[in-house]
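The structure appears right after this line, and notes come after that.
2 protein chains.
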Amino acid sequence: MSHKKYVHGYTDRESERLTDQAQTLTTFLHDDTHYPAGSRVLEAGCGVGAQTIILAKNNPRAYITSVDISLDSLLQAERMIREEGLANVTFCQGDIFQLPFGHGTFDHIFICFVLEHLAEPQRVLERLRPLLKKGGMITVIEGDHGSAFFHPGSLFAQKAIDCLVRLQRDTGGNALIGRELFPLLSGAGFGEVRVSPRMVYADASRPDLVDDFIKLTFTAMVEGIGNEALDKGMIGREDWDRGIRDLYRTCGKDGVFCYTFFKATGTRT
Amino acid sequence: MSHKKYVHGYTDRESERLTDQAQTLTTFLHDDTHYPAGSRVLEAGCGVGAQTIILAKNNPRAYITSVDISLDSLLQAERMIREEGLANVTFCQGDIFQLPFGHGTFDHIFICFVLEHLAEPQRVLERLRPLLKKGGMITVIEGDHGSAFFHPGSLFAQKAIDCLVRLQRDTGGNALIGRELFPLLSGAGFGEVRVSPRMVYADASRPDLVDDFIKLTFTAMVEGIGNEALDKGMIGREDWDRGIRDLYRTCGKDGVFCYTFFKATGTRT
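Those protein sequence lines, which keep their order, are chains V and H.
Quick note on numbering that gives the first Met the number 0: the first sequence kicks off at 0 and runs consecutively.
Quick note on numbering that gives the first Met the number 0: the second sequence kicks off at 0 and runs consecutively.
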């Protein structure tokens with residue numbers, strides 16, 4: 000898994016987009032994640048640090064260990080964290096299937112936008128669970144591209160989104176994973192699993208959200224896989240262009256866009 | 000419109016289901032709808048009174064006028080309200096396209112699960128608007144069957160839901176209307192339009208919701224149009240049965256079901 004190509008995450012523009020996305024959704028996704036002073040937190044799969052910076056700022060007195068398989072990503076993440084003057088994060092290169100930590104090391108584990116890329120998400124959760132102290136808690140956040148619906152409706156826009164879902168499936172991932180967090184965490188042996196869906200709803204009464212989410216986050220992400228989808232013959236150029244145009248059209252004054260993230264917690268019982 | 004057959008609403012079992020549904024969703028959909036003492040409220044399209052009873056109980060000192068085109072429905076609604084000992088509702092038969100009230104009669108209008116059945120929902124809203132006093136407010140609540148997604152996924156379940164969407168379209172309605180409330184209210188001339196999406200999320204950690212919503216509300220509603228969908232050749236018997244079975248399967252211990260209602264308000268400016 001760890002050697003598979005991710006659908007997104009490895010270009011400069013992508014890094015920017017992921018950071019933008021994290022800024023936009025900060026309050027919405029993270030404001031109820033608080034770790035007490037002195038607690039040891041593992042961030043599993045920190046990538047370029049888009050979530051790390053939020054965790055570190057929101058929990059200045061927690062000790063955060065952020066791991067990723069990619070040294071390049073870690074270096075970017077570390078640079079950003081240091082530039083912000085944050086000292087409470089230790090970075091560590093490692094494969095989340097076999098992390099170099101002893102059982103019962105952490106009070107909390109945080110894993111965000113990672114499981115969607117993995118062919119065996121439940122197995123990752125099973126591997127992470129023993130790293131928690133008894134009573135320790137995991138927080139998982141994922142999107143679900145199948146949760147997207149919008150007005151005006153468009154089969155072409157739907158097709159473009161489906162290309163992203165298929166590409167992610169082709170590389171072993173699951174772009175519809177958000178809805179599965181309950182069975183995944185339960186199946187991995189966590190107790191007291193609770194899922195909190197968080198819908199982004201954007202219409203013309205919320206122009207910032209229209210810009211930040213529909214344009215800069217969601218549609219930018221779909222657009223980003225255009226060449227790959229076209230190269231693989233998943234869709235024709237005309238349909239693709241129309242799909243992207245129709246996604247942007249949902250930003251119009253009569254447009255509406257809905258997308259749901261899922262945040263789940265589970266306890267090592 | 001007013002003479003068209005509704006997809007649902009006209010059988011005893013249906014009445015029961017609609018009442019069940021209203022009980023289940025009461026808190027969730029209605030708890031932030033409060034009308035001050037002495038205010039005059041129009042409920043446009045009360046049907047068998049499933050929402051009327053909630054409005055009347057939640058707003059004991061408001062004067063509620065509930066209208067419907069169907070005398071049978073009104074009689075049922077009235078009986079239920081009287082049995083509950085509620086005196087603050089006046090029932091009145093009328094076509095919501097041409098109601099027998101003067102301009103500026105009401106402080107509030109409430110219209111719930113009605114627009115989905117009408118071919119010209121925006122025109123209804125345009126007709127209702129002048130009945131409000133200046134500064135008066137309308138509240139609209141609708142579901143959106145295109146917002147449903149679930150785990151385990153099933154193309155058959157999706158097909159069964161699509162039959163309901165198509166039947167509603169064939170009778171001039173729109174089962175995907177929830178997402179359109181913002182443009183509909185804005186287009187009808189209301190100001191300060193605000194939409195609040197409300198997702199029902201059910202998994203095994205919420206067994207009551209699984210029973211009440213997935214089984215007794217949503218799947219019961221889909222099941223209710225089975226004969227019609229089969230008679231019209233929209234789907235084969237085998238696919239239908241499998242679709243319904245797969246919907247019930249989302250009630251299992253690893254199942255998840257998501258559905259979104261939309262509640263919108265607008266002001267007569």
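Even for Gly, the Cβ is constructed at its ideal location relative to N, Cα and C.
**OP:** Determine the direct distance from the alpha carbon of H:T268 to that of H:K133, and round the result to whole angstroms.
**Re:** Each residue's Cα considered, the two are about 6 angstroms apart.
**OP:** Give a yes or no on contact between the segment 134 to 149 of chain V and the segment 56 to 74 of chain V, applying the rule of three or more CB pairs nearer than 8 angstroms.
**Re:** Touching, no, given that fewer than three Cβ pairs across the two stretches are closer than 8 angstroms.
Original post:
Name the chain H residues whose beta carbon is nearer than 9 angstroms to that of V:H150?
Top reply: By Cβ distance, chain H contributes L175, R178, E179, F181 and P182.
**OP:** May I ask you to report which of helix, strand or coil DSSP gives V:E141?
**Re:** Three-state DSSP puts V:E141 in a strand.
Original post:
Hey, is H:D71's beta-carbon within less than 7 angstroms of any beta-carbon in chain V?
Top reply: By this cut-off, H:D71 is not an interface position.
Original post:
Since V:G225 contacts V:W239 with CB under 8 angstroms, what's their CB separation in whole angstroms?
Top reply: That belief holds up - the Cβ atoms of V:G225 and V:W239 are roughly 6 angstroms apart, short of 8 angstroms.
Subject >> For H:F148 and H:R221, the rounded distance between their alpha carbons >> reply: The residue you asked about is not Arg; residue 221 of chain H is Val in the sequence shown. The straight-line gap from Cα to Cα measures roughly 14 angstroms.
Original post:
Closest Cβ-Cβ distance between V:Y323 and chain H: below 7 angstroms?
Top reply: Residue 323 of chain V is absent from the structure shown; chain V starts at 0 and stops at 268.
Original post:
In chain order, what residues of the same chain have a beta carbon less than 8 angstroms from the beta carbon of V:N87, not counting five sequence neighbours either side?
Top reply: By the criterion of a C-beta distance shorter than 8 angstroms, V:N87 is surrounded in its chain by A55, N58, P59, R60, A61, Y62 and I63, once the five residues flanking it on both sides are discounted.
Original post:
So what's V:D67 in DSSP terms, helix, strand or just coil?
Top reply: The three-state reading of DSSP puts V:D67 in strand, counting E and B together.
Subject >> Minimum length 3: unbroken beta strand (DSSP E) runs contained in the segment 177 to 227 of chain H >> reply: Taking only runs of at least 3 residues, the beta strand (DSSP E) segments lying wholly in the segment 177 to 227 of chain H are 190 to 202.
Subject >> Cβ neighbours of H:M0 in the same chain (closer than 6 angstroms, five flanking residues each side left out) >> reply: Any reading at H:M0 is ruled out, since the residue's pLDDT is 30, under 50, leaving its predicted position unreliable.
Original post:
By how many angstroms is the C-alpha of V:F105 removed from the C-alpha of V:I80?
Top reply: Going from the Cα of V:I80 to the Cα of V:F105 covers about 21 angstroms.
**OP:** Classify H:T249 as buried or exposed, calling it buried when 16 or more other Cβ atoms lie within 10 Å of its own Cβ.
**Re:** Answer is buried; the Cβ neighbour count reaches 16.
**OP:** Under 8 angstroms between beta-carbons, which chain V residues line up against H:D279? List them in chain order, please.
**Re:** For chain H, the structure presents residues 0 to 268; residue 279 of chain H sits outside this window and is missing.
Original post:
So which residues on chain V does H:R165 lean against when the C-beta distance must stay under 9 angstroms?
Top reply: Those within 9 angstroms of H:R165 in chain V number zero; the least Cβ separation is about 14 angstroms.
**OP:** Could you name the residues that DSSP lists as bridge partners for V:A263?
**Re:** According to DSSP, V:A263 bridges with V:V139 and V:V194.
Original post:
From the beta carbon of V:P196, is the nearest beta carbon of chain H less than 7 angstroms away?
Top reply: Answer yes: the Cβ-Cβ gap between V:P196 and chain H drops below 7 angstroms somewhere.
Original post:
Alpha carbon to alpha carbon, what distance is there between H:S69 and H:V113?
Top reply: One C-alpha to the other measures close to 13 angstroms.
Subject >> Where V:R193 meets chain H, residues with beta-carbon distance less than 7 angstroms >> reply: S204, listed in chain order.
Original post:
Under a three-way DSSP split, which group does H:E77 fall into?
Top reply: In the three-state reduction of the DSSP assignment, H:E77 falls in the helix class, which pools H, G and I.
**OP:** Entirely within the segment 87 to 152 of chain V and at least 3 residues each: give me those beta strand (DSSP E) ranges in chain order.
**Re:** Those beta strand (DSSP E) runs which fall completely within the segment 87 to 152 of chain V and span 3+ residues are 88 to 92, 105 to 111, 131 to 141 and 148 to 150.
Original post:
When we look at the beta-carbon of V:G232 and count the other beta-carbons within 10 Å, is it buried (16 or more) or exposed?
Top reply: With fewer than 16 other Cβ atoms from the protein chains shown falling within 10 Å of its own Cβ, V:G232 counts as exposed.
**OP:** Tell me whether V:S1 sits in a helix, a strand or coil according to DSSP, three-state version.
**Re:** Note that V:S1 scores a pLDDT of 32, beneath 50, so its modelled location is shaky and nothing firm can be said.
Original post:
What distance in whole Å lies between the Cβ atoms of V:G152 and V:F261, which are believed to be in contact at a cut-off of 8 angstroms?
Top reply: Contact between V:F261 and V:G152 does not hold, since the beta-carbon distance rounds to 24 angstroms and is not under 8 angstroms.
Original post:
In terms of residues, what are the limits of the alpha helix (DSSP H) holding H:E237?
Top reply: Counting along the chain, the alpha helix (DSSP H) containing H:E237 begins and ends at R236 to R248.
Original post:
Apart from the five residues just before and just after V:V40, which ones in its own chain have a Cβ nearer than 8 angstroms to its Cβ?
Top reply: The residues Y34, L54, N58, A61, Y62, I63, T64, F105, D106, H107, I108 and F109, in chain order, have a CB closer than 8 angstroms to that of V:V40 in the same chain once the five nearest residues on each side in sequence are set aside.
**OP:** Please report the residue range of the alpha helix (DSSP H) in which V:A174 lies.
**Re:** Following the DSSP letters along the chain, one finds V:A174 in no alpha helix (DSSP H), marked with neither H nor E.
Original post:
Does the beta carbon of V:G172 sit closer than 7 angstroms to a beta carbon anywhere in chain H?
Top reply: With 7 angstroms as the cut-off, V:G172 does not count as an interface residue toward chain H.
Original post:
Should H:D67 go down as buried or exposed, given a rule of 16 or more other Cβ atoms within 10 Å for buried?
Top reply: Its Cβ being crowded by 16 or more others within 10 Å, H:D67 is buried.
**OP:** Under 8 angstroms between beta-carbons, which chain H residues line up against V:G103? List them in chain order, please.
**Re:** The contacting residues do not exist; V:G103 stays about 26 angstroms from chain H at best.
**OP:** Could you tell me which chain H residues have their CB closer than 7 angstroms to the CB of V:G44, listed as they occur along the chain?
**Re:** Chain H residues near V:G44: none, gap ~23 angstroms exceeds 7 angstroms.
**OP:** Return yes when the Cβ of V:A203 is within less than 7 angstroms of the Cβ of V:F256, no when it is not.
**Re:** For the 7 angstroms CB-CB criterion, V:F256 and V:A203 do not form a contact.
Original post:
For H:A43, which beta-bridge partners are listed by DSSP?
Top reply: The bridge partners DSSP lists for H:A43 are H:V66.
Original post:
According to DSSP, which residues form a beta bridge with V:C257?
Top reply: Paired residue(s): V:F148 and V:Y200.
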